[in-house]
Amino acid sequence: MSRTRDLIALASILLLVVSAKPVVTNQHFLDVPTTPDFEPLSVGRLWRFDVDSSEVFKDVIDLVNTHDLDLWHIGHTHLDIYTPNSALALPEGLLRLQPSLLANISLPAIKPRRSHTKWDLSSLQNTTFHADYHPLSEINQFIQEIARLRPNLVKLKNVGLSWMGREMLSLVISNGEATAAREQSEPVHSDSKEVPSEQKLSFVIIGAQHAREWIATAASLYLAHALVSDLSEPYSLSRLLNVFDFYIIPVPNPDGYEYTWEKDRFWYKTRQQVSPKSDCVGIDMNRNWGYKWKALAEEQSRKPRHRGSGLAAPCSHWYPGHRPFEAPEVNNIANMVSTIPNLVGFLDLRSYGQMLSSPFSYSCSSIPKDAEDQLEAGLGGAWTMSQVYGTTVTTGSLCSNLYRAPGNVIDWMYKRAGIKYSYALHLRDTGTEDERMISSYLGKLSKFVNEARSIFGIAARTGRARDALVSMVIFLREA
9 MSRTRDLIAL ASILLLVVSA KPVVTNQHFL DVPTTPDFEP LSVGRLWRFD
59 VDSSEVFKDV IDLVNTHDLD LWHIGHTHLD IYTPNSALAL PEGLLRLQPS
109 LLANISLPAI KPRRSHTKWD LSSLQNTTFH ADYHPLSEIN QFIQEIARLR
159 PNLVKLKNVG LSWMGREMLS LVISNGEATA AREQSEPVHS DSKEVPSEQK
209 LSFVIIGAQH AREWIATAAS LYLAHALVSD LSEPYSLSRL LNVFDFYIIP
259 VPNPDGYEYT WEKDRFWYKT RQQVSPKSDC VGIDMNRNWG YKWKALAEEQ
309 SRKPRHRGSG LAAPCSHWYP GHRPFEAPEV NNIANMVSTI PNLVGFLDLR
359 SYGQMLSSPF SYSCSSIPKD AEDQLEAGLG GAWTMSQVYG TTVTTGSLCS
409 NLYRAPGNVI DWMYKRAGIK YSYALHLRDT GTEDERMISS YLGKLSKFVN
459 EARSIFGIAA RTGRARDALV SMVIFLREA
């Protein structure tokens, strides 16, 4: 029974994402803010390297590490590397592999910003907020306005301060039922006995740990808005609050996110000063978590036998810090999660690649005790999506989908916080589709959401949790 309830819980969180595809332009081009008067300006190129063997994969990764190149995406048959125009040409070793030019990256013009009074956040259906990406100040306005409009459902919580002293705001979304009992009890996680039926389950969702992945933050904001919207609205998800409480952190890396708007659209890490004697700035949040953290640089290989040596370079995109939880942002989130009862799901929103990945990240040979359930969920969803849209979705462990990366958030959430269904979700696409206009999303969204909600309702009534899960994971096509 507890497994069934966990699967229904996971199905629900996936329903959120299928319903919550933000209507912004396809993010794999990583739109850069400019003033409306500027013409689009080319800033770099995105190269694709086809890899047909583990040896070629290793050679490419070696060169990426040696030259500190910006690796945007890794697939099972290819890697995508970004080179700014200001950088030197690709290393000769990479040019010999004859990469294909995937895209010219430009600085597109953006619309003038609007004040929150013109967003009409009282209605999910009519708001203009989700039609654009937003800087940190506007995101904070959105969070505060949602809390003002729905005081019976939303509480703001300051998770802590970033390295530069910015508030890390979270939304605690609950209809209040059984809250008193939960607050008085000890946390109950998925490794524990079954959660009593009178207690609600909890989910944690975080936006972009990696500052430039704006789509992750945009998706988390849409989720929050859908949860608090009136039940009569087409895309409302407020019915789920009868069963679940949600803890959403839209901007877990506020310093880095703000920097992508002010200085460098493609900034990846936090903005923490890593050493008083170094000009290098920033820690990769997703390598700074305390489970299996390592300071040693390792070749990003799927093969356990490949190991590098030496300390990771502080200027590297993947710098894990001097110690686990060195980044205050990571420490703040861990402290918050440790206080949440009845946790059954965690979702780390990322981009891009259309992948649903479960633990582990630190090792490709270690298998979680819950791997069967975790992989069953992912494979079922991928199969369903292929039947509906013909879309290929990669499932499996995060290590097998990408590479070995110690100190990852889903490993910590699973092993230390005890959240059985912990996933990293890489949103669409795989880097191959042309940029889509906003209008192209709207035609499919209504049918897609209605189909997902209908199937979930049947599954919830019949107790067929796997059917619900399989149906909900089709969000990857539209997310």
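As numbered in this note's numbering, residues 9 to 487 make up the sequence shown, in order. Quick reminder that beta carbons are idealized off the backbone N, C-alpha and C, glycines included. Just so you know, these numbers come straight off a predicted model, no measurement behind them.
Cβ shell of residue i (< 8 Å), same chain only, five flanking positions each side left out
i: Pro-328; result: Ile-291, Asp-292, Arg-295, Asn-296, Trp-301, Lys-302, Ala-303, Ala-320, Pro-414, Gly-415
i: Phe-249; result: According to the sequence displayed, residue 249 carries Leu and not Phe. Around Leu-249: Leu-161, Ile-181, Ser-182, Asn-183, Leu-235.
i: Asn-339; result: Gly-168, Phe-333
Residues that DSSP places opposite residue i in a beta bridge
i: Val-162; result: Ile-181
i: Met-176; result: Gly-168
i: Pro-489; result: Outside the modelled stretch of the chain, which goes from 9 to 487, sits residue 489, for which no answer is possible.
i: Asp-58; result: His-86
i: His-81; result: Asp-88
i: Asn-112; result: Arg-53
Residue i burial status per 10 Å Cβ neighbour count (16 or more: buried)
i: Pro-107; result: buried
i: His-84; result: exposed
i: Lys-126; result: exposed
i: Ala-227; result: buried
i: Arg-104; result: exposed
i: Gly-184; result: exposed
i: Gly-264; result: buried
i: Glu-270; result: exposed
i: Lys-377; result: exposed
i: Thr-268; result: buried
i: Thr-225; result: buried
i: Arg-156; result: exposed
i: Asp-76; result: exposed
i: Asn-166; result: exposed
i: Ser-240; result: exposed
i: Ala-425; result: buried
i: Pro-284; result: exposed
i: Pro-258; result: buried
i: Leu-96; result: exposed
i: Thr-136; result: exposed
i: Ser-210; result: buried
i: Ser-170; result: buried
Cβ neighbours of residue i in the same chain (closer than 6 Å, five flanking residues each side left out)
i: Phe-354; result: Val-212, Met-421, Ile-427, Ser-430
i: Gln-217; result: Pro-260, Asn-261, Met-293, Asn-294
i: Pro-322; result: Val-282, Ser-286, Cys-288
i: Lys-163; result: Val-180
i: Thr-403; result: Leu-364, Gly-386, Leu-387, Ala-390
i: His-233; result: Leu-132
i: Trp-80; result: Asp-88, Tyr-90
i: Gln-382; result: Ser-366
i: Ser-50; result: Asn-112, Ser-114
i: Ser-374; result: Phe-368
i: Ser-408; result: Cys-372
i: Asp-78; result: Tyr-90
Segment limits, beta strand (DSSP E) that includes residue i
i: Ile-213; result: 209 to 214
i: Ser-430; result: 429 to 434
Beta-carbon contacts of residue i that lie in its chain and below 7 Å, excluding the five residues immediately before and after
i: Gly-451; result: Unreliable placement is indicated for Gly-451, whose pLDDT of 32 sits below 50; the coordinate value is still reported in the next sentence. For Gly-451, where only same-chain residues beyond five positions count, there are no Cβ hits under 7 Å.
i: Gly-52; result: Tyr-90, Thr-91, Pro-92, Asn-93, Ile-113
i: Ile-82; result: Leu-410, Tyr-411
Residue range of the unbroken alpha helix (DSSP H) whose run includes residue i
i: Gln-152; result: 144 to 157
i: Leu-98; result: Unbroken run through Leu-98: none, as it is neither H nor E.
i: Ser-408; result: 406 to 409
i: Asp-419; result: 417 to 423
Interface flag, residue i vs chain C, CB-CB below 8 Å
i: Ala-425; result: Note that chain C does not occur in the displayed structure, where there is just one protein chain.
- Write down every uninterrupted run of the beta strand (DSSP E) in the stretch 318 to 404 whose length is 3 residues or greater and which is fully enclosed by it, in chain order. 351 to 358, 363 to 366
- Segments of 3+ residues assigned as beta strand (DSSP E) that fall wholly inside the stretch 222 to 308: 252 to 257
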